[in-house]
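Q:
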Amino acid sequence: MNREEISRIAHTGHPIAAPLDDGAVRLLLDSALPAGGRGRLLDLGCGGGEWLLRALSAHPQLRAEGVDVSAAALARARQAAARAGVGDRLVLHHGDAAGFAPGGAFDLVLCVGATHAFGGLLPTLAAAREHLAPGGRVLVGDGFWDGEPSAEAVAVLGELEDLPTTLDRIAADGWVPVQGHISSRAELDAYEWSWTGSLAAWALDHPEDPDSTRALEAAAAHRTEWLRGYRDVFGFVSLVLRPVGD
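Its first residue numbered 1, the sequence shown is counted upward by one per residue in the working numbering.
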């Protein structure tokens with residue numbers, strides 16, 4: 001069982017692959033999408049396309065594109081779009097989001113929980129700027145330290161800043177936040193319980209599968225990293241940004 005398959009199973013109960021509840025997702029999309037729900041949306045690192053599907057379902061005149069390295073995730077997104085009746089307004093691209101070169105510009109560029117594909121937050125914003133139409137917005141979600149991290153926490157999640165420093169870096173890069181959401185403890189915990197629980201439940205439901213033991217081990221390891229490593233110090237912020245001078 002590879003990491004992609006583990007992630008697919010782990011997100012079964014939480015298709016938004018970030019610690020955001022449905023209300024927060026609606027708030028962010030409503031704040032970020034063009035007035036009237038028209039225009040074009042691009043999701044860099046779209047995975048199974050959940051953000052795209054929700055936006056298209058809520059706004060019948062919106063068109064959207066997504067890019068991801070996972071062919072399997074894109075196949076699931078196409079199937080879900082067909083079931084939702086929005087497949088004719090969705091274009092999906094298989095490839096590296098960091099090297100993506102679409103035709104035309106987008107009114108909203110989205111990258112939530114996938115900034116690692118670009119090597120961090122500021123490189124993600126630089127890539128988003130290249131795809132942004134005049135008057136457009138960026139919706140980005142990334143982690144921050146909400147306390148002093150242990151060496152173990154840094155080893156798991158990498159080098160992050162605290163929230164004020166994160167916002168200072170974004171402002172210095174030429175962006176203005178016009179909306180935002182800091183994930184609550186309830187959202188963060190719900191995401192982790194769903195991640196570990198979905199994976200463990202799959203393993204228990206498939207005891208004869210050769211990957212069952214591996215899935216249980218992965219769920220237990222992730223739960224330990226969360227509870228003993230970063231639960232008390234990790235935060236997640238999602239921001240709707242506009243470029244300065246826009």
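Quick reminder that beta carbons are idealized off the backbone N, C-alpha and C, glycines included. Source: prediction; values computed, not measured.
Report back the beta-carbon spacing between L188 and F236 to the nearest angstrom; my notes put them in contact at under 8 Å.
A: Taking the sequence shown and counting its residues from 1, one reaches residue 188 at position 188. Taking the sequence shown and counting its residues from 1, one reaches residue 236 at position 236. L188 to F236, Cβ: 7 Å. Contact.
Q: Going by DSSP, name the residue or residues bridged to G143.
A: To locate residue 143, count along the sequence shown from 1; it is residue 143. Answer by DSSP bridge pairing, in chain order: F236.
Q: Since I believe Y191 is in contact with P15 (beta carbons under 8 Å), could you give me their beta-carbon distance rounded to a whole number of angstroms?
A: Working through the sequence shown from its first residue, we reach residue 15 at position 15. Working through the sequence shown from its first residue, we reach residue 191 at position 191. So it is not a contact: roughly 11 Å between Cβ atoms.
Q: Have a look at the DSSP bridge pairing and note the partners of R242.
A: What you label residue 242 is simply residue 242 of the sequence shown in a count that begins at 1. For R242, which the question treats as bridged, DSSP gives the partners V176.
Q: Rounded to the nearest angstrom, what separates G197 and V244 at their Cα positions?
A: Within the sequence shown, the letter at position 197 stands for residue 197. Within the sequence shown, the letter at position 244 stands for residue 244. Cα to Cα, G197 sits roughly 43 Å from V244.
Q: So is E217 buried or exposed if we call it buried at 16+ other beta carbons inside 10 Å?
A: Along the sequence shown, read from residue 1 onward, the residue named residue 217 stands at position 217. Under this definition E217 is an exposed residue.
Q: Expressed to the nearest angstrom, what Euclidean distance is found between the alpha-carbon atoms of L29 and R76?
A: Residue numbering aside, residue 29 sits at position 29 when the sequence shown is read from its first letter. Residue numbering aside, residue 76 sits at position 76 when the sequence shown is read from its first letter. One C-alpha to the other measures close to 22 Å.
Q: Would you check if the distance between the CB atom of L53 and the CB atom of A84 is smaller than 8 Å?
A: Along the sequence shown, read from residue 1 onward, the residue named residue 53 stands at position 53. Along the sequence shown, read from residue 1 onward, the residue named residue 84 stands at position 84. The answer is yes: Cβ separation under 8 Å.
Q: Tell me which residue opens and which closes the alpha helix (DSSP H) that A80 is part of.
A: In the sequence shown, residue 80 corresponds to position 80, counting from 1. Run containing A80: 71–84, per the alpha helix (DSSP H) assignment.
Q: Measure the C-alpha to C-alpha separation of G135 and D168 and round it to an integer number of angstroms.
A: One-based indexing of the sequence shown puts residue 135 at position 135. One-based indexing of the sequence shown puts residue 168 at position 168. Those two C-alpha atoms are separated by around 22 Å.
Q: According to the Cβ coordinates, are A17 and G113 closer than 8 Å?
A: Taking the first residue of the sequence shown as position 1, residue 17 is located at position 17. Taking the first residue of the sequence shown as position 1, residue 113 is located at position 113. Yes.
Q: Identify every residue that forms a DSSP beta bridge with C46.
A: What you label residue 46 is simply residue 46 of the sequence shown in a count that begins at 1. For C46, which the question treats as bridged, DSSP gives no partner whatsoever.
Q: Would a C-beta distance cut-off of 8 Å place E152 and G229 closer than the cut-off?
A: As a first step, residue 152 is located in the sequence shown; it is residue number 152 there, counting from the start. As a first step, residue 229 is located in the sequence shown; it is residue number 229 there, counting from the start. Against a cut-off of 8 Å, the Cβ pair of G229 and E152 comes out as a contact.
Q: Between which two residues does the beta strand (DSSP E) carrying R63 extend?
A: Reading the sequence shown from its first residue, position 63 is the one you call residue 63. Segment 62–68, the beta strand (DSSP E) holding R63.
Q: Between the alpha carbons of E5 and A200, how many angstroms are there, rounded?
A: For this step, residue 5 is matched to residue 5 along the sequence shown. For this step, residue 200 is matched to residue 200 along the sequence shown. Each residue's alpha carbon lies about 13 Å from the other.
Q: I believe V156 touches E225 by the beta-carbon criterion, under 8 Å. Please report the beta-carbon distance rounded to the nearest angstrom.
A: What you label residue 156 is simply residue 156 of the sequence shown in a count that begins at 1. What you label residue 225 is simply residue 225 of the sequence shown in a count that begins at 1. Yes, they are in contact, since the Cβ atoms of V156 and E225 sit about 5 Å apart, within 8 Å.
Q: Cβ atoms of A215 and G202: under 8 Å apart, would you say?
A: Counted from its first residue, the sequence shown places residue 202 at position 202. Counted from its first residue, the sequence shown places residue 215 at position 215. The question names Gly, yet the displayed sequence has Trp at residue 202. Contact flag set, yes.
Q: How about V140 and C111: are their beta carbons less than 8 Å apart?
A: Locating residue 140 in the sequence shown gives position 140, counting from the first residue. Locating residue 111 in the sequence shown gives position 111, counting from the first residue. Closer than 8 Å, so yes.
Q: Could you check if H94 is buried or exposed, using at least 16 other CB atoms within 10 Å of its CB as the buried criterion?
A: The residue you call residue 94 lines up with position 94 of the sequence shown. Under this definition H94 is an exposed residue.
Q: Starting from the Cα of R249, find the closest Cα among G13, L56, L241, T213 and give me that residue.
A: Nothing about residue 249 can be reported from this structure: the residues present for the chain run from 1 to 246 only.
Q: Thinking H131 and P164 are a contact (beta carbons under 8 Å), I'd like their distance in whole angstroms, please.
A: Residue 131 sits at position 131 when you count from the first residue of the sequence shown. Residue 164 sits at position 164 when you count from the first residue of the sequence shown. H131 to P164, Cβ: 28 Å. No contact.
Q: With DSSP run on the structure shown, which of helix, strand or coil describes G95?
A: Here residue 95 is taken as the residue at index 95 of the sequence shown, counted from 1. Correct three-state label for G95: coil.
Q: Which residues share a DSSP beta bridge with I182?
A: Numbered from its first residue, the sequence shown carries residue 182 at position 182. Answer is V237, bridged to I182.
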